[in-house]
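Quick note on numbering: the sequence shown equals residues 1 to 295 in UniProt numbering.
Glycine included, C-beta positions come from ideal geometry on N, C-alpha and C.
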Amino acid sequence: MAFEGLSDKLSAAFKKLRSKGKLSEADVKEAMREVRLALLEADVNYKVAKDFVKSVTERAIGSDVLTSLTPAQQVIKIVNDELTTLMGAENSRINFSSKIPTIIMMCGLQGSGKTTHSAKLAKFFKKQGKRPLLVACDVYRPAAIDQLKVVGEKVGAPVFEMGQIDPVTIAKKAISHAKDYGHDIVILDTAGRLHIDEQLMGELKNIKSELKPNEILLVIDSMTGQDAVNVAKSFDEALGIDGVILTKLDGDTRGGAALSVRAVTGKPIKFVGMGEKLEDLEPFYPDRMASRILG
Ligand code: GDP
1 MAFEGLSDKL SAAFKKLRSK GKLSEADVKE AMREVRLALL EADVNYKVAK DFVKSVTERA
61 IGSDVLTSLT PAQQVIKIVN DELTTLMGAE NSRINFSSKI PTIIMMCGLQ GSGKTTHSAK
121 LAKFFKKQGK RPLLVACDVY RPAAIDQLKV VGEKVGAPVF EMGQIDPVTI AKKAISHAKD
181 YGHDIVILDT AGRLHIDEQL MGELKNIKSE LKPNEILLVI DSMTGQDAVN VAKSFDEALG
241 IDGVILTKLD GDTRGGAALS VRAVTGKPIK FVGMGEKLED LEPFYPDRMA SRILG
């Protein structure tokens, strides 16, 4: 599970604070040095860690915290609040369209978990009584289309495909198919590549401008840490995204991407992938995640 190392290090730092009773500015600063190191070891972006510690320190020293009866407890509460803010303050929901169907465009690098998470989302929406349609727009690898069919079948969501033709044409046909057959959500599984390149971005921009999706979700692999954050920054700058699905959090012991992506890109994490099974998807709640980190 993510954040193990971070949780341990933070609780060690806070234990020292608690043992002191009354706190001085120097005590807080010392604890914050440890917090900063713990964040960096968890692979949190350097500037994010620095800014985080700065705001916690300012709040802790600048208020009545140090003269309160439970100063250590107050400092921990500030850390909890700031962690929540760092990850987005509240859960960000999907933008549903007032007109049917809502179009969700999934994008991401190959191997990030895009196809798996297209199906996980379909399952998630089905549980809410919706009728999602999965669309195979990853047309370069026939195996990708087959994979989407396999996972689509597992979650009981139909897959619309037209083989390896232009993805914009496929997506447009899929929308009319959805209207005809009463699918209220269309999930476009677009092509991924090993690296970000102009051709990939060109294709995604084209789909975006022609289809005007209600929601563009970028799928990133949390195990790749700051690389995932850089990928998110590049996709957001080139394409514009609405939110992130952070996958493989079950295997990420550090958690740096989860803690940095919102601060670096300004875009919220909307869901997290917690395993290979198709039910292993959770809406992301920053406050719950902060509590989980602080144990
Ligand atoms: P795509 O190339 O982006 O479409 O990636 P896939 O959906 O094919 O996923 C790549 C690999 O990651 C597959 O083996 C998935 O089973 C695995 N995977 C996807 N999501 C998760 C997750 O949340 N946790 C774990 N442990 N594995 C995942």
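Apart from the five residues just before and just after residue i, which ones in its own chain have a Cβ nearer than 8 Å to its Cβ?
i           : result
residue 190 : 105, 106, 107, 114, 137, 138, 167, 203, 204, 207
residue 280 : 120, 250, 273, 274
residue 276 : 116
Judging by CA-CA distance, which residue of the options is the nearest neighbour of residue i?
i           : options            : result
residue 54  : 72, 79, 129        : 79
residue 12  : 127, 35, 289, 258  : 35
residue 286 : 258, 295, 278      : 258
residue 179 : 160, 154, 147      : 160
residue 22  : 7, 42, 74, 2       : 74
residue 163 : 149, 157, 156      : 149
residue 298 : 182, 31, 39        : Because the chain is modelled from 1 through 295, residue 298 falls outside the range shown and cannot be assessed.
residue 30  : 117, 17, 232       : 17
residue 38  : 6, 15, 28, 48      : 6
residue 52  : 62, 25, 27, 81     : 81
residue 266 : 280, 274, 230, 275 : 230
residue 274 : 241, 165, 116, 176 : 116
residue 315 : 145, 213, 220, 282 : Not covered by the structure: residue 315. The range shown for the chain is 1 to 295.
residue 236 : 224, 225, 220      : 220
So, using beta-carbon positions, are residue i and residue j closer together than 9 Å?
i           : j           : result
residue 101 : residue 170 : no
residue 284 : residue 217 : no
residue 129 : residue 268 : no
residue 45  : residue 256 : yes
residue 261 : residue 246 : yes
residue 249 : residue 2   : yes
residue 126 : residue 156 : yes
residue 290 : residue 83  : yes
residue 187 : residue 132 : yes
residue 25  : residue 76  : no
residue 112 : residue 134 : no
residue 296 : residue 28  : Residue 296 is absent from the model: the chain starts at 1 and stops at 295.
Any idea if residue i is buried or exposed, counting beta-carbon neighbours within 10 angstroms, 16 or more meaning buried?
i           : result
residue 195 : exposed
residue 69  : exposed
residue 252 : buried
residue 120 : buried
residue 197 : exposed
residue 242 : buried
residue 67  : exposed
Does DSSP classify residue i as helix, strand or coil?
i           : result
residue 106 : strand
residue 134 : strand
residue 247 : strand
residue 268 : coil
residue 281 : strand
residue 207 : helix
residue 159 : strand
Could you name the residues of the same chain whose beta carbon sits closer than 7 Å to that of residue i, not counting the 5 residues immediately before and after it, in chain order?
i           : result
residue 71  : 22, 23, 65
residue 193 : 109, 110, 200
Looking only at its chain, what residues have a beta carbon closer than 6 Å to the beta carbon of residue i, apart from the 5 residues adjacent to it on each side?
i           : result
residue 210 : 168
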